[in-house]
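Protein chains: 2
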Amino acid sequence: MSDNKTQYHHGDVPSALLQAALLRIKNEGVEKLSLRALARDIGVSQTAPYRHFKDKNQLLVVLACKGFRELACLKAQQPSPLAFMALIEVGMSYIYFAMEHPEQYKLMFGSKIKHRRDYPELMESGGAAFQVISSYVVKGMEAGVFIDKEPEVLARSCWTTVHGIASLSIDDYFEHITGNFDDFLREQVSLCIRGFMKEPGLLDKQ
Amino acid sequence: MSDNKTQYHHGDVPSALLQAALLRIKNEGVEKLSLRALARDIGVSQTAPYRHFKDKNQLLVVLACKGFRELACLKAQQPSPLAFMALIEVGMSYIYFAMEHPEQYKLMFGSKIKHRRDYPELMESGGAAFQVISSYVVKGMEAGVFIDKEPEVLARSCWTTVHGIASLSIDDYFEHITGNFDDFLREQVSLCIRGFMKEPGLLDKQ
DNA sequence: TCAGAATGTTGACACTGAAAACATTCTAGG
DNA sequence: CCTAGAATGTTTTCAGTGTCAACATTCTGA
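If you're matching them up, the sequences are chains A and B in order. In case it helps, this note's numbering puts the first sequence at residues 1 to 206. In case it helps, this note's numbering puts the second sequence at residues 1001 to 1206.
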C-alpha cells in the first residue's frame, strides 16, 4: 500500500511531526521551534500540521506529555534497601533525565506552553511524574526513617529541590563546579533528604 | 527644552522602552513581548529601539539585570537574632519577589535570553543576587548552628531550593495547596534549612 | 557656523502562526 | 462495486515579528 511513489497522503503526519520536533528542539532549542519548519522537515505543506494539531500549543503539549510519561517510568538506578537511599537515587534519575533532555524538560516546566491547565492529559501525566517521587517518600516513611510530617509535604519538598537542581543544571548555573559533577548533584540531593530524617547521622556516615 | 510640541526626538527612549516592557510583561507575559509593540507604546517608529539596544535580546538582558539587582537588595523581612531563622526569612523574601514579579523572574532564570554568558553585567548581577543568600548562610555557620560543610555547598543548596519553590509557585504548581500559603512556603524553606542544622530540633520547637 | 554624531523614519526582507477556500484520497454504507 | 462524506492535503492570504539598509532630522562641540 505504501510504495515509494510520491503520495498525496503522507502516512503518519502526527508522529512524524513529533519526531521531527524532538530532533529540532534537541538541536536548536524549544525557543526557535516552528511548525513550518517541522512541516518542511517531513515534506508536507505548511498548513498540513493543522489537520492533526489544533495549533502549535497543542503539539507542544503532546511533547511535554511524552516527557512526563517518561519521567513517570523512572526508577532508582541503583536500588537500595535503604529507603532514603532509594529516594536519593530516584532524585538523581530525575535530574539525569532533565540533563539528557534539557529542551524537553524546559518545555515541560517552562512557560512556553500556554494555558497548561486546559489540557487534562498534561495535568495528569505531570501528576503521575510527581507520584514517582512521592511513592519513594512514602516507602521512607513506612521504614520510619523520616520525620513525622504529611507524606505530601516531604514529597513536594523533595520534588521542588530536585526540580531546582535540574533547572539550574540545565541552564548551566553550576558550570563552575569543580570535581565530579555526579558527586555534586548527589550531595545536593542528599542535603535535601537530610532535612527529612529523624537521624541525619545515618546519611553522614554513608 | 522639552515643551509639549511634537518633537522629533523622544527624550529618553531607552528608559521609556524598559518601563513599557516591564508593564507589558507584567500584563501579557514575557513570551509575547515584542519590540514593535514597545515602540508603538512609547510612540516611536518600529526601528527606533535599535538605536539604543543592539537587539531584542539586549533589552531583555537589561530587564533581567534590573531584576537581579533588586534581588541583591533583599533583606530578611523579619530580622531574627537566630541566624538560621534569618536565612529562612531571606529565602521567603526571595520567593515573594518572584511571586510579585513572576514574568521578570521567568525572564531572569528562564531561557528566553539567548547567550546569557556573553553578558558580563548579567553574570555579575546574578552572582550578586546569589551572594545575598550566601552571606546569610555564612552568618549561620559563624553562629555554629550548621553542619560542617563548605559554605558554598549550603548556600547553593539553599538557593536551589528557594529557586525551585519560586519557580513552581509562579507556574501554579502549588495551586491546590490548602491553608495559608505563606505557612506552606515557610515550611518548605524550613525543611531545606533543617537539612543544614546540627540540631534540627531547634527548628521543630519553633 | 557647521560638520559629524546621535537619533529618528520609511521601506524592505525573511520569517512566523493561523485561517479560508479548494483538491485529493480514503472509507463505509448502499 | 459505487459513491457520498470524512480525512487529509494544498495554495493563498493576512497579520504579526526581528532586523537591516538607506535616508532625514536634530543636537553638539570645535
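From the three backbone atoms N, C-alpha and C, an ideal C-beta is built for every residue, glycine too.
{"Asked": "For a test of the three-state rule: what should DSSP assign to F1146(B), helix, strand or coil?", "Found": "strand"}
{"Asked": "Which residues, in chain order, does the segment 30-43 of chain A contribute to contact with chain B at a C-beta distance below 9 Å?", "Found": "V30, E31"}
{"Asked": "Apply the 10 Å Cβ neighbour rule to Q1077(B) and answer buried if 16 or more other Cβ atoms are within range, or exposed otherwise.", "Found": "exposed"}
{"Asked": "Let me make sure I understand the geometry here. Which of D183(A), D148(A), M108(A) has the alpha-carbon closest to that of S1191(B)?", "Found": "Position check: residue 1191(B) holds Leu in this sequence, whereas Ser was assumed. Taking only the C-alpha atoms, the option nearest L1191(B) is D148(A)."}
{"Asked": "By Cβ distance, which residues of its chain are closer than 6 Å to T1161(B), with the 5 residues on each side in sequence left out?", "Found": "C1192"}
{"Asked": "Going by CA-CA distance only, name the one from Q1131(B), S1157(B), Y1173(B) that's closest to A129(A).", "Found": "Y1173(B)"}
{"Asked": "How would you list, in chain order, the residues of chain B whose beta-carbon sits under 9 Å from the beta-carbon of E124(A)?", "Found": "By Cβ distance, chain B contributes nothing, its closest Cβ being about 14 Å from E124(A), past 9 Å."}
{"Asked": "According to a CB-to-CB cut-off of less than 7 Å, which residues of the segment 161-179 of chain A neighbour chain B?", "Found": "T161, H163, G164, I165, S167, L168, D171"}
{"Asked": "Given G195(A), which residues of its chain have a CB within under 8 Å of its CB, disregarding the five upstream and five downstream residues?", "Found": "S157"}
{"Asked": "Go ahead and label A155(A) buried or exposed: buried means 16 or more other beta carbons lie within 10 angstroms of its beta carbon, across all protein chains shown.", "Found": "buried"}
{"Asked": "Are V30(A) and L107(A) touching if we call contact CB-CB under 9 Å?", "Found": "yes"}
{"Asked": "Sort A72(A), K112(A), S34(A), Q19(A) by Cα distance to S125(A) and report the nearest one.", "Found": "A72(A)"}
{"Asked": "Rounded to whole angstroms, what is the Cα-Cα separation between G110(A) and E1142(B)?", "Found": "38 Å"}
{"Asked": "Rounded to a whole number of angstroms, what is the C-alpha to C-alpha distance between S1167(B) and M99(A)?", "Found": "18 Å"}
{"Asked": "What in chain A is Cβ-close to E1187(B), meaning under 7 Å?", "Found": "V153"}
{"Asked": "Give me, in chain order, the residues of the same chain whose beta-carbon lies closer than 8 Å to that of V1189(B); leave out the 5 immediate sequence neighbours on both sides.", "Found": "I1088, G1091, M1092, I1095, T1161, V1162, I1165"}
{"Asked": "K106(A) touches chain B at which residues, Cβ-Cβ below 9 Å?", "Found": "G1110, S1111"}
{"Asked": "To the nearest angstrom, how far is it from the Cα of M1197(B) to the Cα of E28(A)?", "Found": "43 Å"}
{"Asked": "Hey, which unbroken runs of the alpha helix (DSSP H) at 4 residues or more fall wholly within the segment 17-80 of chain A?", "Found": "35-42, 56-72"}
{"Asked": "Closer than 7 Å by beta-carbon distance: list the chain B residues that pair up with G195(A), in chain order.", "Found": "L1191, C1192, R1194, G1195"}
{"Asked": "Under 9 Å, do V1153(B) and A1083(B) count as touching if we go by C-beta distance?", "Found": "no"}
{"Asked": "Output, in chain order, the set of chain A residues within a Cβ distance shorter than 7 Å of S1093(B).", "Found": "Here the premise fails: no neighbours, minimum Cβ distance about 17 Å."}
{"Asked": "Residues of chain B with a CB under 8 Å from the CB of S135(A): which are they?", "Found": "The contacting residues do not exist; S135(A) stays about 18 Å from chain B at best."}
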